[in-house]
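Quick note on this note's numbering: the sequence shown kicks off at 414 and runs consecutively.
No residue lacks a Cβ here, since even glycine has one placed at the ideal position from N, Cα and C.
Following: one structure in C-alpha cells, then a few remarks.
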Amino acid sequence: MKRTKIKDILRSTETDVPVLVKGWVKTFRSNQFIALNDGSCNANLQIVVDFNNTPEETLKRITTGASLSIQGQLIKSLGKGQSVEIKAEKVEVLGDSDAEKFPLQPKKHSLEFLREIAHLRFRTNTFGAIFRVRNSLAFAVHQFFQEKGFVYIHTPIITSSDAEGAGEMFRVTTLNLNQLPKNEEGQIDFQQDFFGKSTNLTVSGQLEGELAAMAFSDIYTFGPTFRAENSNTARHLAEFWMIEPEMAFYDLNDNMDLAEELLKYVIKYAWDKNYEDLEFLNTRLLEEEKLKPQQDRSELNLLDKLKFCLENSFERVTYTQAIEILKESNHNKKKKFQYLVNEWGVDLQSEHERYLVEKHFKKPVILTDYPKKIKAFYMRQNDDDKTVRAMDILFPGIGEIVGGSQREERLDKLVSRMNEMNIPTHELDWYLDTRRFGACEHAGFGLGFERLVLFVTGMTNIRDVIPFPRTPKNCEF
C-alpha cells in the first residue's frame, strides 16, 4: 500500500477506507491514542490502537519522537478535536526515541531553548509553520519573476569585488594561517593563494546581475550572501538569502512598481497556500502580546498586518519630506526617539522608519531620493548634486525590507563618484564596460529574504526564520 500524507487525509472527505501513514509520535496517551504528525501540516492525526491485541513490547516503544508506520482503517471520529481517525490494524516502530533523553517533551518550549537545538526545532508546531511559509515564499518569488519572463542568473559566491564598498566581508583563502607568505613590502602575498588574488564571500550579486541585465533586459538572482558585520541583534545574520532583480530600460518609478508588485504577490501566495499556518502563527503572536505592557503591543495582529500590506498602495515620499515629518513629530519633540532627528542628511534608524509607517502614514512607505553621502557609489545622481535616485520600502514592525535604486549609467558620473569614495576603478573595469558599450537607463533592488519571512510569519528574531542561523560566535551544524 502507498503512504498517504496526513494533510491529504485531513482534507479528504473519504472514510471507511484502508490507509497507510507514517510519521512521528507527538503524544501517546492511555496506551491507546497516538497523535501522529508527518510535517505536511501542523495538525496531528489521531491513531487508535487496540492495546489488547498489540504486543506489550511494541506499546512500550511508542514514545514521543519515535517514528511509526501505521496501517488501518480511516473512520469518522467519535471523539472531540478531529473529524477522522485511524483504527490501527498494524503498528510498526520504524525508529525508537528514548523518551527520557528526547529534548522536545510535549510542553511549551522557549524560542531561546529551541535555538540551542535548532536541528530538532523543525519538529515543533511553530517551526513547522515558519518553514512551510518560507518554502511557499521562496517558490512564489521564482514564480513571480518567471511569469514575467525574467532570466534567473546564478551570481558568484566567491568574489574579488566588494559591491557595497563596506569592507565587512569574509575572506576566502587556502593559505597556511600559521605561516602566511609575505611579499617584498611585507604584506600577505595573495599571488600564492588559490585564486592568485584576495577573495571574499559575496555581499551582493548586484554588480554581476547588472552585466546580465545588459544582455537579457530583465534578470533576477536569489542566493546566499554574507556580511562579516559584528552585529549581534535580532535583525542581523552573517549568512542570509537575497533576491536581487536588475532591469534594463527601467527608471526609479518602474523599479518601485515592480518591488511593490513582488511583495504583494508573494504575501498573497503565502496567504492562499499557508493560511492554516498563518492562523497558527497569529494565535501564537496574540498569546505572546498578552504578556507585554499595553503600550508595547502591536496595533495590528499578524493577519491584519498582512492584509494591511495587500490592500494599501504604498505611500511614496522623498527622504527630504520624511525628515521634515520626523523633525516636526511629537515623538521627536518629546524626545521619544532614541536617535533624535535634527538635520537633513542623517541616516534613518529603524525607529524612524517604523514611525513613518505605523504612526504617520499607517501604510507601507517607499522613501526616495536619499542624500548621496549615505548611499552606494552606483546610484544615479540627481541634478541637485546632493541626492541619488534611491528607494527603500518600509514595512510595519520591521522597517526597511527592500533597498534599491536607479543605477548610474553615465560613465563620467560613475567614475567621478568612485574616485570620491576611494573605490579603485581598475578593479571594477569589467563593471564600467557596461557603461562604455551600449549603456542604458537601468534599475534594480535587493530584498532580504529572511526579512520578508520575518514579516510574513510575525516572528521577532531573524534567527528563527532561517534553518541554521550564522551569527557572531555561532556557527553550529
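Following the DSSP letters along the chain, one finds Ser829 inside the alpha helix (DSSP H) bounded by residues 824 to 833. Three or more beta-carbon pairs separated by less than 8 Å are not found between the segment 731 to 749 and the segment 707 to 714, which leaves the two stretches without contact. A Cβ-Cβ contact shorter than 8 Å links Gln619 with Glu659. In the structure shown, Ser763 adopts helical secondary structure according to DSSP, grouped into three states.
In the DSSP secondary-structure assignment, Gly871 is not bridged to any residue. Across the structure, Lys772 and Arg729 are spaced so that their CA atoms are roughly 16 Å apart. The three-state secondary structure of Gly622, taken from DSSP, is helix.
Contact between Asn444 and Leu423 is ruled out by a C-beta separation of about 24 Å, above the 8 Å threshold.
With fewer than three CB-CB distances shorter than 8 Å, the segment 510 to 519 does not count as touching the segment 482 to 492. As summarised for the segment 533 to 587, the continuous alpha helix (DSSP H) elements at least 4 residues long and confined to that stretch are 538 to 560, given in chain order. For His855 against Phe662, the beta-carbon gap comes to about 7 Å, under 8 Å, which counts as contact.
For Val770, the secondary structure class from DSSP, reduced to helix, strand or coil, is helix.
Where Gln734 is concerned, the enclosing alpha helix (DSSP H) starts and stops at 732 to 741. Note on Ser549: 16 or more other CB atoms within 10 angstroms of its CB, so buried under the neighbour-count rule. Between Ile811 and Phe868, the gap from beta carbon to beta carbon is short of 8 Å. Taken through DSSP and simplified to helix, strand or coil, Leu691 comes out as helix. Inter-residue distance for Asn695 and Met804 is about 30 Å (C-alpha atoms, whole angstroms). Partner residues in the beta bridge of Lys435, as assigned by DSSP, are Ser482. DSSP places Val679 within a helical segment (H, G or I) once states are collapsed to three.
Taking all protein chains in view, the Cβ of Gln819 is crowded by 16 or more other Cβ atoms within 10 Å, so the residue is classified as buried. Contact between Phe790 and Met831 holds: their C-beta atoms lie close to 5 Å from each other, under 8 Å.
Apart from sequence neighbours up to five positions away, the residues of its chain that approach Thr781 with a beta-carbon distance below 6 Å are Thr731, Met804, ordered along the chain.
In this model, Ile656 and Phe635 are separated by some 4 Å (Cα to Cα). Rounded to the nearest whole angstrom, the C-alpha separation of Leu614 and Met582 is 6 Å. Check the Cα spacing between Pro777 and each of Ile806, Phe446, Asp797: the tightest is with Ile806. Distance from the CA of Leu433 to the CA of Arg474, rounded to the nearest whole angstrom, comes to 19 Å. In the three-state DSSP reduction, Tyr633 falls in the strand class (E or B). Under the DSSP assignment, Leu458 falls in the beta strand (DSSP E) whose first and last residues are 458 to 461.
Sequence-distant partners of Thr539 (beyond 5 residues in either direction) whose C-beta falls short of 7 Å from its own C-beta, in its chain, are Arg697. In its chain, beyond the 5 residues on either side, Ile632, Glu659, Met660, Ala661, His855, Gly857 have a beta carbon closer than 8 Å to the beta carbon of Ala626.
Restricting attention to Arg640, Lys785, Pro594, the CA atom closest to the CA of Ser829 is found in Lys785.
Taking every protein chain shown into account, the CB of Gly478 has 16 or more other CB atoms within 10 angstroms, so this residue is buried. Distances from the alpha-carbon of Ser630 to those of Glu889, Thr537, Thr847 put Thr847 closest.
Within a 10 Å sphere around the beta-carbon of Trp437 sit 16 or more other beta-carbons, which makes this residue buried.
Linking Gln459 to Thr417 through their CA atoms gives a straight-line distance of about 14 Å.
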